[in-house]
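Working notes, structure below.
Here is the structure:
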């Protein structure tokens, strides 16, 4: 599956003064479950310094919901963990 420029630009958000993509958008572009991406990040944490990626705070996550960037209810029980945001360097 080819990723279009529109898909990329739709997945870019500004947070903490940098442009980021959320884990769900990156995993979708690459055709993998978000859980697989997050597991890889956790297993290789030393490869992802703070300027490569960070986990959203509750306030940042709620802000995305209020802006209708992401849906409030994801799956049957909602999200279990706050999403990760990956910077351009990540």
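Numbering (my numbering), first residue to last: 109 to 198. Note that beta-carbon positions come from the ideal geometry of N, C-alpha and C, so glycine has one too.
Alpha-carbon spacing of residue i relative to residue j, whole angstroms
| i | j | result |
| --- | --- | --- |
| residue 144 | residue 130 | 14 Å |
| residue 168 | residue 156 | 20 Å |
| residue 195 | residue 149 | 14 Å |
| residue 162 | residue 191 | 9 Å |
| residue 160 | residue 146 | 14 Å |
| residue 151 | residue 175 | 32 Å |
| residue 111 | residue 122 | 21 Å |
| residue 63 | residue 117 | Missing from the structure shown is residue 63; the chain here goes from 109 to 198 and no further. |
Opening and closing residue of the beta strand (DSSP E) in which residue i lies
| i | result |
| --- | --- |
| residue 127 | 126 to 130 |
| residue 156 | Residue 156 -> no beta strand (DSSP E), and no H or E assigned at all. |
| residue 195 | 192 to 195 |
| residue 120 | 120 to 123 |
| residue 162 | 161 to 163 |
Residue i, enclosing alpha helix (DSSP H) - first and last residue
| i | result |
| --- | --- |
| residue 142 | 142 to 151 |
| residue 166 | 166 to 174 |
Residues near residue i in its chain [Cβ-Cβ closer than 6 Å; skip 5 each side]
| i | result |
| --- | --- |
| residue 142 | 131, 132 and 135 |
| residue 119 | 129 and 133 |
Nearest-angstrom beta carbon gap, residue j and residue i [assumed within contact, 8 Å]
| i | j | result |
| --- | --- | --- |
| residue 114 | residue 137 | Not really, about 12 Å apart at Cβ, beyond 8 Å. |
Sequence-distant residues of its chain with Cβ nearer than 8 Å to residue i (five each side left out)
| i | result |
| --- | --- |
| residue 126 | 195 and 196 |
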